[in-house]
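Structure first, then comments.
Protein chains in written order, with my numbering: chain A, 10 to 371; chain B, 10 to 371.
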């Protein structure tokens, strides 16, 4: 069955109404919807409205608090730790990023580590909050353990993304948003739906052997750190994922490593919990805390143009700047709508019926 | 021919004397030697005393200033830009890292971007300066363009390492120091000496085809970003290398991208120079700017022990913590000495004769 297109406006109203039914304030429902749908607009379909029912199941399992009292529990002029009170990461993260921005306004940079949160959607949304302030934005989060460190058969890390966003002048901003694995879990889901094999270097089986079966994680297999194997630098991907885990959770007092609470509500909680909820990390650096913004932007434009105009290998049109594909996707989808797989649309319709919100599939 | 072992003390006296002959103050010569030899101790042979003659050639070519007046040219409470005055990165980097540490003492974190510097040796030395202060240390640097971004046949980035160092309690610190390429250039040099092929995914030829020839860079080939190819996430390695370039150079006013001055003095300088020298970036975050150090260290120890005791794939003894191999190497080499290839020892002997410093090969 083919995908059907839904307008941003339609999905926005529906999602916001669903979140209000769960007890979110109008303000939180609107913010969470904006964050969630920014994933759909940017083409990160695995982190968008397709996850809405996952958030609802977290709420049903009493693993997410829809009326959180988010608060700062420790701070210095350039740092803070935020307690998300078990709220949706979709609202906790913008709070923490705004705090990082405010601190950067005062002392040049701001760094906020967050405990007791939940899945925060796409990292890029939060980091990009820095752009209108002429700041560099940084976002990280830990996540359900699906990744085996180099030489391990156990899953001890999440796909732990790093996002770094840099403003430019006339050019669009540089937006790098990357899981620290060879391939994000969402890409496996696409292969599963299409019944295709994964390239080697993406996953291993339960004993650590090479596997190309996209269903391998259901039988004890694991995603592999960026690099794939030791010869190709998987110890670097593992180190990057570890840094994200430490900054997001060991620094804040959240759960880390294999003890991160799983996003799917049907997966049992870890029996041991060394911290609270999942953890995130946010940074904001004011450009003019280093050099005048205009100078920086002149050179950032020059950087971007030089890379974009590089000679390409045969068959490739252009060297891309991080953020190019997602920006193009966003422009398209705002015009033509967001495509949803029939299974996703049905899931949303079912959700709507259960909560008394019309999804109106016509 | 086999390697011969030299004591740390011997190599220290020799290197320091050579640097003094170039005009370094005793203080700078001692510091630069300490930084340079920390690479040899940690087993990063490509960045240690084997490079000494390379630094001398930079001085001969008037590309390095042995009596730099290093100064802060811009600052806020948590940030600064440092002008290295064309000095050796080996002395400029510790100055800038110390400044980051001092700022962290005052406002929780410190972030310093550096222009007008040269190669700074191993990143880990500088980042590890944070450890005695119970701080997380971060170091980055850009470098001579040897790396082709995804889809490019042109070399536009250096191996641009990221180093993150985290203190623990009873466990040794977490020390991740990684080039943002599949393999560092030093590994190619080892294959060249052994006349062995490189694994696929490390390098491409001048047209962007897969190559396993470790000499490929001499005929227009390039190192590949971590990931190797698009299917295996090379766009992520490219983004990470780009972030290092931007933080180190676009933020500070150093040269970036293809315009970074080359380390080998026989390679002509770029005809265009949008900045000054090469760039670095340093960060220090006080642990207790987030949570009490004792709490953090308790959990960091727990993190390290859980990962180190993970079940391994057949044939592997243990899951390693970033920094484990280098720390073990350092303990060994302090006892047994530092092995140098005959070619390196001869090069040092020749250097000594030229400058009137005895290398005393016995």
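Yeah, the Cβ is synthetic: ideal placement off N, Cα and C, and Gly gets one too. Here the structure is a predicted model, which means the values were calculated and not measured.
Item to check | Test: residue 281/B CB closer than 8 Å to a CB of chain A | outcome: In terms of beta-carbon proximity, residue 281/B stays away from the interface with chain A, with every pair separated by 8 Å or more.
Checklist entry - Any Cβ of chain B within less than 8 Å of the Cβ of residue 315/A? => result By this cut-off, residue 315/A is an interface position.
Next on the checklist: Does residue 281/B come out as helix, strand or coil in the three-state DSSP assignment?
Outcome noted: The answer is coil: DSSP assigns residue 281/B none of H, G, I, E or B.
Checklist entry - In three-state terms, what does DSSP make of residue 15/A? => result Residue 15/A falls in the strand class under three-state DSSP.
Next on the checklist: Strictly under 8 Å for the Cβ-Cβ distance: is residue 116/B near chain A by that measure?
Outcome noted: Yes, residue 116/B counts as interfacial toward chain A.
Checklist entry - residue 300/A by DSSP, collapsed to three states: which one? => result DSSP, reduced to helix, strand and coil, places residue 300/A outside both helices and strands of the structure shown, so it counts as coil.
Checklist entry - For residue 179/A, which three-state DSSP category applies? => result Coil, per DSSP.
Checklist entry - When you compare each of 188/B, 229/B, 26/B to residue 245/B by their alpha carbons, which one comes out closest? => result With distances taken between Cα atoms, residue 245/B lies closest to 188/B.
Checklist entry - Are the beta-carbon atoms of residue 269/A and residue 167/A separated by less than 8 Å? => result Contact annotation: residue 269/A and residue 167/A have beta-carbon atoms nearer than 8 Å.
Next on the checklist: Taking contact to mean 3 or more Cβ pairs, one atom from each stretch, closer than 8 Å, check whether the segment 119-139 of chain B and the segment 278-287 of chain B are in contact.
Outcome noted: These segments touch.
Next on the checklist: Let me check understanding here. Comparing Cα to Cα, which of 157/B, 192/B, 49/B, 152/B lies closest to residue 134/B?
Outcome noted: Its Cα nearest to that of residue 134/B, the residue 49/B stands out among 157/B, 192/B, 49/B, 152/B.
Checklist entry - With distances taken from CA atoms, which of 23/A, 32/A, 52/A, 18/A is nearest residue 337/A? => result Check the Cα spacing between residue 337/A and each of 23/A, 32/A, 52/A, 18/A: the tightest is with 52/A.
Next on the checklist: If I measure Cβ to Cβ from residue 105/A and keep anything under 7 Å in the same chain, skipping five residues before and after, which residues do I get?
Outcome noted: Within the same chain, and ignoring the five residues on either side of residue 105/A in sequence, the residues whose Cβ sits closer than 7 Å to its Cβ are 91, 121, 123, 289, 291.
Item to check | Under 8 Å by beta carbon: chain B residues contacting residue 221/A | outcome: Result: empty, since nearest Cβ-Cβ is about 12 Å, beyond 8 Å.
Checklist entry - For residue 316/A, which option in 293/B, 319/B, 247/B, 239/B has the closest C-alpha, if you only look at C-alpha atoms? => result Of the candidates 293/B, 319/B, 247/B, 239/B, the one whose C-alpha sits nearest the C-alpha of residue 316/A is 247/B.
Next on the checklist: So for residue 75/A, helix, strand or coil by DSSP?
Outcome noted: In the structure shown, residue 75/A falls within a coil segment according to DSSP collapsed to helix, strand and coil.
Checklist entry - Is the Cβ of residue 150/A closer than 8 Å to any Cβ of chain B? => result With 8 Å as the cut-off, residue 150/A does not count as an interface residue toward chain B.
Next on the checklist: On the CB-based measure, 16 or more other CB atoms within 10 Å of its CB, does residue 353/B come out buried or exposed?
Outcome noted: Classification for residue 353/B: buried.
Checklist entry - Is the CB-CB distance between residue 136/B and residue 108/B below 8 Å? => result No.
Item to check | Span of the beta strand (DSSP E), counted from its first residue to its last, around residue 120/B | outcome: For residue 120/B, the uninterrupted beta strand (DSSP E) segment begins and ends at 118-126.
Item to check | Neighbourhood of residue 57/B by C-beta distance below 7 Å, restricted to the same chain and skipping five residues each side | outcome: These residues qualify, in order along the chain: 45, 46, 48, 49.
Item to check | Rounded Cβ spacing between residue 149/B and residue 253/B (contact assumed at less than 8 Å) | outcome: Sure, about 4 Å apart at Cβ, within 8 Å.
Checklist entry - Residues of chain A with a CB under 9 Å from the CB of residue 34/B: which are they? => result Correct list: empty, because the minimum Cβ distance to chain A is about 29 Å.
Item to check | Between the CA atoms of residue 12/A and residue 20/A - distance to the nearest angstrom | outcome: Those two C-alpha atoms are separated by around 15 Å.
Item to check | Short Cβ contact (8 Å threshold) for residue 313/A with residue 145/A | outcome: In this structure, residue 313/A lies away from residue 145/A, with their beta-carbon atoms at least 8 Å apart.
Checklist entry - If you measure from the beta carbon of residue 261/B to each beta carbon in chain A, is any gap under 8 Å? => result Contacts with chain A at 8 Å (Cβ-Cβ) include residue 261/B.
Checklist entry - Going along chain A in order, which residues have a C-beta closer than 8 Å to the C-beta of residue 265/B? => result The CB of residue 265/B comes closer than 8 Å to the CB of 308, 312 in chain A, given here in chain order.
Next on the checklist: Quick check for students: name the residue ranges of the beta strand (DSSP E) that lie wholly in the segment 229-259 of chain A, counting only runs of 3 or more.
Outcome noted: Runs of beta strand (DSSP E) with 3 or more residues, each lying fully within the segment 229-259 of chain A, are absent.
Next on the checklist: To the nearest angstrom, how far is the alpha carbon of residue 69/B from that of residue 301/B?
Outcome noted: Cα-Cα distance, rounded: 50 Å.
Next on the checklist: To the nearest angstrom, how far is the alpha carbon of residue 206/B from that of residue 257/A?
Outcome noted: Rounded to whole angstroms, residue 206/B and residue 257/A show a C-alpha spacing of 40 Å.
Item to check | Whole runs of the beta strand (DSSP E) within the segment 50-107 of chain A, excluding any shorter than 3 residues | outcome: Runs of the beta strand (DSSP E) inside the segment 50-107 of chain A: 80-85, 88-92.
Checklist entry - Cα-Cα, which of 113/B, 74/B, 157/B, 36/B is closest to residue 319/A? => result Answer by Cα proximity: 157/B.
Checklist entry - Considering only the beta carbon of each residue, do residue 78/A and residue 94/A sit closer than 8 Å? => result In this structure, residue 94/A lies closer than 8 Å to residue 78/A by Cβ.
Checklist entry - Taking 8 Å as the CB-CB limit, is residue 187/A close to chain B? => result Yes, residue 187/A counts as interfacial toward chain B.
Item to check | Buried or exposed by the 16-neighbour rule on C-beta atoms within 10 Å, applied to residue 37/B | outcome: Answer is buried; the Cβ neighbour count reaches 16.
Checklist entry - If you measure beta-carbon to beta-carbon, which residues of the segment 245-257 of chain A are closer than 9 Å to chain B? => result For chain B, the residues of the segment 245-257 of chain A that bring a beta carbon within less than 9 Å of one of its beta carbons are 245, 246, 247, 248, 249, 251, 252, 254, 255, 256, in chain order.
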